[in-house]
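Presented below is the structure to which this report refers.
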Amino acid sequence: GAGVSQTPSNKVTEKGKYVELRCDPISGHTALYWYRQSLGQGPEFLIYFQGTGAADDSGLPNDRFFAVRPEGSVSTLKIQRTERGDSAVYLCASSSGQGDSPLHFGNGTRLTVT
Amino acid sequence: SQQGEEDPQALSIQEGENATMNCSYKTSINNLQWYRQNSGRGLVHLILIRSNEREKHSGRLRVTLDTSKKSSSLLITASRAADTASYFCATDASSGSRLTFGEGTQLTVNP
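In order, the protein sequence lines correspond to chains A and B. Each residue of the first sequence is one higher than the one before, starting from 397 at the first, in this note's numbering. Each residue of the second sequence is one higher than the one before, starting from 164 at the first, in this note's numbering.
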């Protein structure tokens with residue numbers, strides 16, 4: 397597609413449930429990023445993939461959060477045992493991975509944990 | 164923790180006026196980027212300035228970088244109502260590493 401696609405656009409789940417958020421990057425982009433954004437705040441880094449491997453996962457808040465990118469394209473962010481504090485907009489971005497190439501963001505998935 | 168801090172947090176101006184937003188950061192950087200975000204949407208890249216550059220222009224945008232003060236400014240000239248959005252600065256410590264975003268400036272341009 398022309399841009400980064402994230403699904404679903406909205407997700408409401410109950411506390412304690414498991415959720416998966418999907419990101420389709422721009423075709424050919426080797427770098428993929430996940431960020432989390434709370435209302436009125438800037439995006440907070442979670443994890444960065446270069447190809448299939450996680451190059452930097454230091455932003456994942458705890459072991460309930462996990463992300464995969466098995467074929468170096470689509471990525472899934474997985475959150476186990478969701479808590480109300482996980483409610484936020486989860487943003488995915490991709491880049492060509494070359495030099496200082498800019499990030500291209502999707503419109504995000506708004507996660508609400510009730 | 165956020166590397167960049169934007170100032171002001173909110174800015175309201177009239178169409179045609181110039182808007183200036185500032186960003187400060189704490190550690191050494193490879194480059195600094197500015198992004199724009201409309202409500203409910205993802206961020207859009209505006210401009211990148213490298214650590215060895217002092218000023219850069221793109222259309223109505225002018226970015227400056229002062230590495231000795233660890234600060235940058237974004238100037239939007241002749242603002243339009245369509246410029247209403249949140250503006251974020253972002254830094255990376257090395258080429259290809261993660262970007263760290265600031266808290267943003269909410270710009271409102273009144274018609």
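Using N, Cα and C, we set each Cβ at its ideal position, and we do this for glycine too.
Tell me whether residue i is buried or exposed, calling it buried when 16 or more other Cβ atoms sit within 10 Å of its Cβ.
| i | result |
| --- | --- |
| N384 (chain A) | Not covered by the structure: residue 384 (chain A). The range shown for chain A is 397 to 510. |
| T254 (chain B) | buried |
| H220 (chain B) | exposed |
| S202 (chain B) | exposed |
| G265 (chain B) | buried |
| P466 (chain A) | exposed |
| E169 (chain B) | buried |
| L435 (chain A) | exposed |
| P457 (chain A) | exposed |
| S249 (chain B) | buried |
| T505 (chain A) | buried |
| Q172 (chain B) | exposed |
| S471 (chain A) | buried |
| P404 (chain A) | exposed |
| G495 (chain A) | exposed |
| V408 (chain A) | exposed |
Which first and last residues belong to the beta strand (DSSP E) in which residue i is found?
| i | result |
| --- | --- |
| R418 (chain A) | 415-420 |
| Q494 (chain A) | First-last for Q494 (chain A): undefined, no H or E at that position. |
| A182 (chain B) | 182-187 |
| N503 (chain A) | Here N503 (chain A) belongs to no beta strand (DSSP E), and DSSP marks it neither H nor E. |
| G449 (chain A) | 449-452 |
| K407 (chain A) | 406-409 |
| S260 (chain B) | First-last for S260 (chain B): undefined, no H or E at that position. |
| L238 (chain B) | 234-239 |
| T403 (chain A) | 401-403 |
Who are the Cβ neighbours of residue i in its own chain at under 7 Å, not counting the five residues just before and after it?
| i | result |
| --- | --- |
| R243 (chain B) | E178, V272 |
| D482 (chain A) | I475, L507, V509 |
| L228 (chain B) | L195, I212, E216, R217, S235 |
| T247 (chain B) | L270, T271, V272 |
| Q165 (chain B) | With a pLDDT of only 37 at Q165 (chain B), under 50, the local geometry of the prediction cannot be trusted, and the value read off the model is given with reservation. T263, F264, G265, E266, listed in sequence order. |
| N193 (chain B) | S214, D255, A256, S257, S258 |
From the DSSP secondary-structure annotation, give me the bridge partner or partners of residue i.
| i | result |
| --- | --- |
| D170 (chain B) | B:N185 |
| M194 (chain B) | This sequence places Asn at residue 194 (chain B); Met is not what is there. In DSSP, N194 (chain B) forms a bridge with B:R213, B:D255. |
| R199 (chain B) | B:V207, B:Y250 |
| V464 (chain A) | A:T472 |
| R432 (chain A) | A:E440, A:Y486 |
| R225 (chain B) | B:H220, B:L238 |
| L270 (chain B) | B:L174, B:A248 |
| V509 (chain A) | A:T409 |
| A427 (chain A) | A:Q446, A:S491 |
If I measure Cβ to Cβ from residue i and keep anything under 6 Å in the same chain, skipping five residues before and after, which residues do I get?
| i | result |
| --- | --- |
| V499 (chain A) | It is Leu, not Val, that sits at residue 499 (chain A) in the sequence shown. So the list reads A489, S491, once near-sequence residues are dropped. |
| D453 (chain A) | I443 |
| W197 (chain B) | L209, I210, L237, C252 |
| P421 (chain A) | V400, L428, S490 |
| V485 (chain A) | Q433, G504, R506 |
With a threshold of 8 Å on Cβ separation, who are the neighbours of residue i within its own chain once the five nearest residues in sequence on each side are excluded?
| i | result |
| --- | --- |
| Q446 (chain A) | T426, A427, G493 |
Residues of chain D with a CB under 8 Å from the CB of residue i: which are they?
| i | result |
| --- | --- |
| F462 (chain A) | Reference to chain D is not applicable here, since the protein chains of this structure are A and B. |
Does the ligand MN have a heavy atom nearer than 7 Å to the CB of residue i?
| i | result |
| --- | --- |
| T472 (chain A) | The ligand MN is not part of this structure, which contains no ligands at all. |
Legend entry - Against chain A: residues of the region 211-228 of chain B by CB proximity under 8 Å: The residues in question are L211, R213.
Legend entry - Interface residues of the region 256-268 of chain B facing chain A [CB-CB below 8 Å]: Those would be S258, G259, S260, R261, L262, T263, F264, G265, E266, G267, in chain order.
Legend entry - Proximal residues, the region 435-452 of chain A versus chain B, C-beta separation under 7 Å: Residues passing the 7 Å Cβ filter: Q437, G438, P439, F441, Y444, D452.
Inset, instruction - Output, in sequence order along the chain, the residues in the region 180-201 of chain B whose CB is closer than 9 Å to any CB in chain A. - result: Within the region 180-201 of chain B, the residues whose Cβ lies closer than 9 Å to some Cβ of chain A are N193, N194, Q196, Y198, Q200, listed in chain order.
Inset, instruction - May I ask you to list, following chain order, the residues of the region 488-499 of chain A that have a beta carbon less than 8 Å from some beta carbon of chain B? - result: For the region 488-499 of chain A, the set of residues with a beta-carbon nearer than 8 Å to any beta-carbon of chain B comprises A489, G493, G495, D496, P498, L499, in chain order.
Inset, instruction - Taking only beta carbons into account, state which residues of the region 231-243 of chain B come closer than 7 Å to chain A, listed in chain order. - result: Within the region 231-243 of chain B, no residue has a Cβ that lies closer than 7 Å to any Cβ of chain A.
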